[in-house]
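A.B. asks: Once you've had a glance at the structure underneath, I'll fire off some questions.
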Amino acid sequence: MSSNNAVTETSSAIGVVEGESLYDVDHPAPVIEAPRQRTNKTPKATRGNFEMAAWLFMRLSGVVLVVLVIGHLLIQLVLDGGVSKIGFAFVAGRWASPFWQVWDLLMLWLAMLHGANGLRTIINDYAERANTRLWLKGLLYTATVFTILLGSLVIFTFDPNIR
Amino acid sequence: MATPTMDKLEALEADSASSHLIAVTFRIRRFNPEVSADASWEDFRIDIDPKERVLDALHKIKWDVDGTLTFRRSCAHGICGSDAMRINGRNRLACKTLIKDIVSFDKSGAVSKPVTIEAIKGLTVLKDLIVDMDPFFQAYRDVMPFLVTTGNEPTRERLQSAEDRERFDDTTKCILCAACTSSCPVFWNDGQYFGPAAIVNAHRFIFDSRDEAGEQRLEILNDKDGVWRCRTTFNCTDACPRGIEVTKAIQEVKRALITRRF
Ligand code: HEM
Ligand code: SF4
Ligand code: FES
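Line by line, the protein sequences give chains C and U.
With the working numbering, the residue at position 148 of the first sequence is 148, and numbering never jumps.
Just add 1000 to the spot in the second sequence (first one is 1) and you have the working numbering.
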């Protein structure tokens, strides 16, 4: 410790930091690891077409959602006085017709499943640790099921005479 | 872009005989676990002919300035796929990237910005520009990149029509440099994804009329870490130094999986 040859004699580009380096040839620092690497122990093909179905569903539901969502936005926000017209009576009036009930139900289910599956992909992409994935997906699926059920319940049991 | 740069260069050359060299700063991301746990940027300013390549600059630095600079290269002519690296933030082969194509000049004709060079992303950095390629080649091995046939060996060559050959012509050009896979944001965040290069090399055999393991390879890529993780960002197509339409190949594999026709 007392010797002054502590200054590492190195031609390396990485400048000598103050004091003695913690690392040398025999004690290298940990290398900079990339997340979740593939090794020869990575499980091989899991059977089933779930990912393909999910991929197809994103595209098909997307196409249907274009119509549903744009129609929805037009009716709610643009046509016939815009947002100012929206009120209990407006909603009650539309849900009196089975057509709009089915429209809204379809939009609810498709958007929720589409959005949930989209978030699932994002979790798969970004959450590195198995536990983080598990919890985030658990939260996602719970919220999705809750919202879909609550929404469907409201659409089916809506009572225009409630007070 | 090209014309003004060339004009500047010609003006420079007219100035004086020796001034065909330009001073370029190379900002290289360095990592040496035997010295420090952290990577850091280091600048090297050298005079170089703008018609030379980034690989020549790296050689100059390694041979004349700092022998500890570490990088892979072998053929130096865009064939072996050893020297993919991130140059000015884009994956390229150092041996196929000309200095004049990546430097910008200010009004006085001097080089205005340093050229940044770092290791490709998403693979473990071992030292300076060298990464651990094992996970990359593991994904490659996992798609069975070899001809699979049944029955007796034919006594003559396995014939194939020109049209059949054309279907996978593009994907035969791959040199396994990893520029595509290490430019893919899905791969950056999750190295379990097969990555574009493995899919390109599966495509090479799936669409080969002489091969009989297409179904098997498709099944492998139908996995949760297979083609369905591709988000069509096109980074791979932009990165490929061989000009392979990587994203298109991935889409063709997706289509083959859906229609089961290939
Ligand atoms: C308006 C019509 C819509 C179309 C055409 C559409 C289409 C798509 C497509 C094709 C994808 C897959 C992208 C990929 O895999 O690379 C996607 C992803 C996604 N969508 Fe939609 N979508 C629509 C509406 C919605 C709605 C209403 C929501 C929210 C409830 C939503 C939320 C998401 C999310 C979170 C993702 C994942 C993002 C990602 O993959 O980066 N989308 N959408
Ligand atoms: S597809 Fe192109 S970028 Fe990807 S490994 Fe092959 S040659 Fe390199
Ligand atoms: S050194 Fe072989 S491809 Fe660049």
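Ideal placement from N, C-alpha and C gives every residue a C-beta, glycine not left out.
These figures come from a predicted structure and were not determined experimentally.
Excluding the 5 residues flanking isoleucine 1079 (chain U) on each side, which residues of the same chain have their C-beta closer than 8 Å to its C-beta?
C.D. replies: Answer for isoleucine 1079 (chain U): Ile1175, listed in chain order.
A.B. asks: Determine, using beta-carbon pairs with one atom in the region 1237-1256 of chain U and one in the region 1187-1207 of chain U, whether at least three such pairs fall under 8 Å.
C.D. replies: With the cut-off at 8 Å, the region 1237-1256 of chain U and the region 1187-1207 of chain U touch.
A.B. asks: Could you check whether the Cβ of methionine 58 (chain C) sits closer than 7 Å to any heavy atom belonging to ligand 1?
C.D. replies: The answer is yes for methionine 58 (chain C).
A.B. asks: Contact criterion: CB-CB distance below 8 Å. Does proline 1135 (chain U) meet it with respect to chain C?
C.D. replies: Yes - at least one Cβ of chain C is within 8 Å of the one on proline 1135 (chain U).
A.B. asks: Tell me, to the nearest whole angstrom, how far the beta carbon of alanine 1023 (chain U) is from that of arginine 1045 (chain U); I am working on the premise that it is less than 8 Å.
C.D. replies: That belief holds up - the Cβ atoms of alanine 1023 (chain U) and arginine 1045 (chain U) are roughly 6 Å apart, short of 8 Å.
A.B. asks: Given a threshold of 16 other Cβ atoms within 10 Å of its Cβ, counted over all protein chains shown, does lysine 1051 (chain U) qualify as buried or as exposed?
C.D. replies: Classification for lysine 1051 (chain U): exposed.
A.B. asks: Is there at least one Cβ from chain C nearer than 8 Å to glycine 1191 (chain U)'s Cβ?
C.D. replies: Chain C contact via Cβ: present.
A.B. asks: Hey, which unbroken runs of the beta strand (DSSP E) at 3 residues or more fall wholly within the region 1068-1096 of chain U?
C.D. replies: Complete beta strand (DSSP E) runs here, min 3: 1084-1087 and 1090-1093.
A.B. asks: Ligand 2 heavy atoms versus the CB of threonine 1242 (chain U): any closer than 7 Å?
C.D. replies: According to the sequence provided, residue 1242 (chain U) is arginine. The question's threonine does not apply to it. Indeed, a heavy atom of ligand 2 lies less than 7 Å from the Cβ.
A.B. asks: Expressed to the nearest angstrom, what Euclidean distance is found between the alpha-carbon atoms of glycine 71 (chain C) and arginine 1090 (chain U)?
C.D. replies: Cα-Cα distance, rounded: 42 Å.
A.B. asks: Can you pull the chain U residues whose beta carbon is under 8 Å from the beta carbon of proline 30 (chain C), in chain order?
C.D. replies: Going along chain U in sequence order, the residues near proline 30 (chain C) (Cβ under 8 Å) are Pro1033 and Ala1037.
A.B. asks: Take every Cβ of the region 1130-1145 of chain U, pair it with every Cβ of the region 1032-1047 of chain U, and state whether three or more of those distances are shorter than 8 Å.
C.D. replies: Taking 8 Å as the limit for Cβ pairs, the verdict is that the region 1032-1047 of chain U does not touch the region 1130-1145 of chain U.
A.B. asks: Ignore the nearest five residues each way along the sequence and tell me which others in phenylalanine 1168 (chain U)'s own chain have a CB closer than 6 Å to its CB.
C.D. replies: These residues qualify, in order along the chain: Arg1204, Phe1207 and Asp1208.
A.B. asks: So is alanine 89 (chain C) in contact with chain U if we call contact Cβ pairs under 8 Å?
C.D. replies: False, the Cβ-Cβ gap to chain U never drops below 8 Å.
A.B. asks: Just to make sure I have the definition right: I need the residues of chain U whose C-beta is within less than 8 Å of the C-beta of tyrosine 23 (chain C). Which are they?
C.D. replies: Pro1033, Glu1034, Val1035, Ser1036 and Ala1037, listed in chain order.
A.B. asks: Just confirm the distance between the C-beta atoms of valine 1241 (chain U) and asparagine 1201 (chain U), as a whole number of angstroms; I'd bet it's less than 8 Å.
C.D. replies: Per the sequence presented here, residue 1241 (chain U) reads as proline, with valine not at that position. Not quite, the Cβ-Cβ distance comes to about 16 Å (not below 8 Å), so this is no contact.
A.B. asks: At least one CB of chain U closer than 8 Å to the CB of alanine 116 (chain C): is that the case?
C.D. replies: No, alanine 116 (chain C) does not count as interfacial toward chain U.
A.B. asks: So the candidates are C:Val154, C:Phe158, C:Arg120 and C:Tyr126; which of them puts its Cα closest to the Cα of tyrosine 141 (chain C)?
C.D. replies: Of the listed residues, the one whose Cα sits closest to tyrosine 141 (chain C) is C:Arg120.
A.B. asks: Check for me: the beta strand (DSSP E) holding threonine 1116 (chain U) runs from which residue to which?
C.D. replies: Run containing threonine 1116 (chain U): 1115-1118, per the beta strand (DSSP E) assignment.
A.B. asks: Quick check on DSSP: helix, strand or coil for leucine 150 (chain C)?
C.D. replies: Of the three classes helix, strand and coil, the one that applies to leucine 150 (chain C) here is helix, per DSSP.
A.B. asks: Given that isoleucine 1258 (chain U) touches chain C, what residues does it touch there, using C-beta distances under 8 Å?
C.D. replies: Residues of chain C passing the Cβ test: Met52 and Leu56.
A.B. asks: What beta strand (DSSP E) runs, 3 residues minimum, are completely inside the region 1020-1057 of chain U?
C.D. replies: Segments of the beta strand (DSSP E) lying fully in the region 1020-1057 of chain U: 1022-1030 and 1040-1048.
A.B. asks: For glycine 1081 (chain U), return the contacting residues in chain C, with the cut-off set at a CB-CB distance below 9 Å.
C.D. replies: Neighbours of glycine 1081 (chain U) on chain C: none; closest Cβ ~19 Å, over 9 Å.
A.B. asks: Can we count arginine 1086 (chain U) as close to ligand 3, meaning its CB is less than 7 Å from some heavy atom?
C.D. replies: Result no, Cβ not under 7 Å from ligand 3.
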